Amino acid sequence: MQASQVERYEKEVTRLKEKLLELDFFRVRVDELRADSSSLLDANQLLTDQLAVCRKRIETVVDLENDLQKYKQQLSLAAEVEYRHF
C-alpha cells in the first residue's frame with residue numbers, strides 16, 4: 067500500500083467519523099423535538115378541554131342573566147299590578 071493511499075483512507079475515516087458525530091447530534095435533537103412536540107400536544111389538549119369548560123360556563127352565565135332579567139321584569143309587572151290595586 068502506498069503512503070498516499072493510506073493518507074487518503076485516514077482522511078476518509080476522519081470525514082466519516084465527523085459525519086457520524088453530526089448524525090448522532092441530529093438524532094438526539096430529533097428525539098428532543100419529538101419529546102417537546104408530545105408535551106405541546108398534551109398541553110394543547112389540556113387547554114382545549116379547559117376552553118370547552120369555560121365556554122360552557124359562559125353559556126350558563128348568559129342563560130342565568132337572561133333568566134334574571136326575565137324575573138326582574140315579572141317582579142316589576144307584579145309590583146305594578148299590586149300598586150294598581152291600592
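Just so we're aligned, residue 67 is where the sequence shown starts under our numbering, counting upward by one.
Each residue gets a CB set at the ideal place from its N, CA and C atoms; glycine is no exception.
Predicted model only: the values in this text are computed from it and were never measured.
Under DSSP, the alpha helix (DSSP H) around residue i begins and ends at which residues?
i: glutamine 68; result: Element bounds for glutamine 68: n/a, residue is neither H nor E.
Would residue i pass as an interface residue toward chain E - the criterion being a Cβ-Cβ separation below 8 Å?
i: tyrosine 75; result: The structure shown has no chain E; it contains just one protein chain.
Using C-beta distances below 7 Å, list every residue in its chain close to residue i, excluding the 5 sequence neighbours before and after it, in chain order.
i: leucine 141; result: none
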